[in-house]
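Structure, as C-alpha cells:
Numbering (the numbering used here), first residue to last: 331 to 374.
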C-alpha cells in the first residue's frame with residue numbers, strides 16, 4: 331500500500347532507484363564473471 335502510493339506520488343525517483351539497482355547488479359555480475367575467468371586462466 332505504502333509503496334504504491336509512493337510510486338504514484340514520485341514515479342521518477344522510483345524508476346531511477348530500480349535502474350540503479352539493475353545497473354549495480356549487472357556490474358556486480360560482470361565483475362564476478364571476469365574474476366572467475368581470470369582465476370580459471372591462472373589455474374590452467
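Note that CB positions come from ideal geometry on N, CA and C, so glycine has one too.
In this text the structure is predicted, and so the values were computed from the model without any measurement.
For residue i, the three-state DSSP class (helix, strand or coil)
i           : result
residue 340 : coil
Straight-line gap, residue i to residue j (C-alpha atoms, nearest Å)
i           : j           : result
residue 367 : residue 354 : 20 Å
residue 345 : residue 364 : 28 Å
residue 371 : residue 356 : 23 Å
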